[in-house]
Amino acid sequence: GDKASDQVKKVAATLKSEYCVAVSGTVAARQEKDINKDMATGAIEVEAAEIEIFTTSEPLPFAIDEVRQKDGTIVLPNEDLRLKYRYLDLRREPMKQNIILRSNVTFATREYLTKQGFLEIETPTFIKSTPEGARDYLVPSRVHPGKFYSLPQSPQLYKQLLMVSGFDKYFQIARCYRDEDARGDRQPEFTQIDMEMSFTNREEVLSTTEGMMGYIFKKTLNYDLPAKFDRITWDDAFNLYGSDKPDLRFDMKIQDAAFMAGLSDFNAFKSGAANAGMDIERHKRSGLKALVVKNVADKYSRKMVEELEAVAKKYKAKGLAWMKVNAEGKFEGGVSKFFVDKESEICSKLGAEKNDLLLFVSDEKWQVACVALGAVRKQLGKDLNLYNPADEFHFAWIIDFPYFAWNEEENHWETEHHMFTLPQKKYWDTLESDPGAVKGDLYDLVLNGYELASGSMRINDPALQQRIFKIVGYSQERADKAFGFLVQAFKFGAPPHGGIAPGLDRLVMLMRHEESIHEVIAFPKNNLAASPMDECPSYVDDKQLQELHLQCTERE
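The working numbering applies: residue 217 is where the sequence shown begins, and numbers increase by one.
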């Protein structure tokens, strides 16, 4: 301002973006015309008496202040540039708020679980490698030539051993590592809220998790979650939503349309309705499924329906059949010619009305029909913005999963989750004779179409554990080599126990309405599992390799 000294004005004239400075002076109210309502401190200003420049800044590789397009969307530089200068990217206010929320969520988690009697116990980061699931990250041992540690994909075995050790309630903000192909909500290193409880049951694990989520959301966002979350069986999740992680913020359900096969000579519908396999309870499944999209028939062109068909085909559907209910209540377009004069029965059974769009997938495999139409449902939710504004965060439990899945390529049974999950007790006598019918005592927590947590009751009987190993094709020798220490521990009076592990990165991502967990991790890897900033991973010199008794046979 005019009151500033010539010296202050001279220094101020040299200031550029992102200089680190100290300004001392007098706080004063701004004149009415100068008030900036977009700033928290916009009603005041500092009349500078002195300015000190600590450090200057080079020209910025990208603008830190938000650049917006005319439609209001924020323009960001490409991700690798942001990651190369992550320390600048983190100066942006949205990124700062992401990291602050993450800190607040971990604090609230510790606060809640400690009040509930949980102990925070650290488990090893160097563990034994077991070649199951995703690939392990391996760490060579200098002291033990030719031997390797593994970085943990989860603390699973150790938290079970803590239960055997007599610690009733354990938790850990656990760092985990998986050598798998990266995608938007995956990272080679990630963090989970790892929990385990002894002398417990499924309902107690679920209610503890519900209480924790309620506490976190209230404490950090001042958002009230329901005390209890929806519980949906795995079969219902696929039948109604086409996914075991359904987005429940909008109410559009997949319907069974097997009755339509008898209303026409349309062969594609007949094949799906007639033979889509049996469900886990041995009931016949229909592979003819329908979606009714309300009040959009006049908006959807053939081209737009073809775009939805491309989504269905991506998930192995042969096609997407469709027809519209016109203003006279008659079918038109698509497969309508096969259902002339059948409007009344079909609309009545499917709940369709004038101006509705009807979509169908028919397949000999029930799950293909469900999953393909589920993907179309998800796309429609985005395209039509069907989300309920009053239902910003919709949690649900998926329960009663199949315990085993048949691996057609390798011709053997596999566990749907991990091998330490407890099968539901009513199936114990038929584990070997009918593995496909077995349900596990396991549960997934889903939020807005994402799997947020996976958990289960665990096996604590060594004989039952050996039966599971055998069904999935593990010889006694292989099982002992990989997991002998755990089975040995079970022989010393192991309590019933169970747990769960919500993903911290994904939770914060959803709380902040971000599209990728990269946005809520301070220094993430890119989609090639690399860090452009410090050029990690990197080559090491031959001396280091020799000390580790290693030799590289191939380099990039």
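The C-beta atom is built at its ideal place from N, Cα and C for all residues, glycine as well.
Excluding residues up to 5 positions away in sequence, Leu524, Val527 lie with their Cβ nearer than 8 Å to the Cβ of Gln595 in the same chain.
Glu667: member of the beta strand (DSSP E) spanning 666–673, first to last residue.
Per the DSSP secondary-structure output, Ser366 pairs in a beta bridge with Ile343, Leu354. In this structure Phe611 touches Leu663 by the C-beta definition: roughly 5 Å separates them, less than 8 Å.
With respect to the C-alpha of Pro748, the residue from Asn294, Met539, Arg518 having the closest C-alpha is Asn294.
The region 327–334 makes contact with the region 385–392: 3 or more CB pairs, one atom from each, lie closer than 8 Å. The region 760–772 makes no contact with the region 734–746, as fewer than three CB pairs between them are under 8 Å.
A distance of 8 Å or more separates the beta carbons of Cys586 and Lys686. Beta-bridge partners of Glu630 (DSSP): Ala621. Annotation for Lys435: Ala324 place their beta carbon closer than 7 Å to its own, counting only its chain and skipping 5 residues before and after. In terms of Cβ geometry, Ala738 and Ile614 do not form a close pair [threshold 8 Å]. When rounded, the separation of the alpha-carbon atoms in Ser732 and Arg465 is 19 Å. Between the alpha carbons of Gln471 and Ser691 lies a gap of roughly 44 Å. The C-beta distance from Val262 to Val237 rounds to 12 Å, too long to meet the 8 Å contact threshold.
Asp460 and Ala513 do not touch by the CB rule: their CB atoms are close to 31 Å apart, not below 8 Å. For the pair Val380 and Phe708, the CB atoms are nearer than the 8 Å cut-off. Excluding the 5 residues flanking it on each side, Ile448 has same chain C-beta neighbours closer than 6 Å at Ala612, Ile614, in chain order.
Taking Ala220 as the centre and dropping the five residues before and after it, the same chain places the C-beta of Ala264 closer than 6 Å to its C-beta, in chain order. As a beta-bridge residue in DSSP terms, Met413 pairs with Lys385, Gly714. In chain order, Ala265, Glu266 place their CB closer than 7 Å to the CB of Ser240, counting only its own chain and leaving out the 5 sequence neighbours on each side. When only Cα atoms are considered, Lys570 and Tyr516 end up about 14 Å apart.
By the beta-carbon neighbour count (other beta carbons within 10 angstroms, threshold 16), Ile290 is exposed.
The continuous beta strand (DSSP E) containing Phe611 extends over residues 611–615.
In the DSSP secondary-structure assignment, Glu266 is bridged to Ser240.
Contact between Asp677 and Phe706 holds, with the beta-carbon distance rounding to 7 Å and staying under 8 Å. Using a 10 angstroms sphere on the CB of Gly478, the tally of other CB atoms stays under 16, which defines it as exposed. For the 8 Å CB-CB criterion, Leu317 and Met727 form a contact.
Taken in chain order, the complete alpha helix (DSSP H) segments of 4 residues or longer contained in the region 463–521 are 483–490. In the structure shown, Tyr643 falls within a helical segment according to DSSP collapsed to helix, strand and coil. Around Arg683, the same chain offers Leu647, Glu648 as residues with beta carbons nearer than 8 Å, after the five sequence neighbours per side are excluded. The continuous beta strand (DSSP E) containing Phe576 extends over residues 573–578. Cβ contact annotation for Val321 (same chain, cutoff 8 Å, sequence separation greater than five): Ile432, Thr436, Leu720, Leu723, Val724, Met727, in chain order. Beta-carbon to beta-carbon, Gln372 and His634 are separated by about 7 Å, close enough to satisfy the 8 Å threshold.
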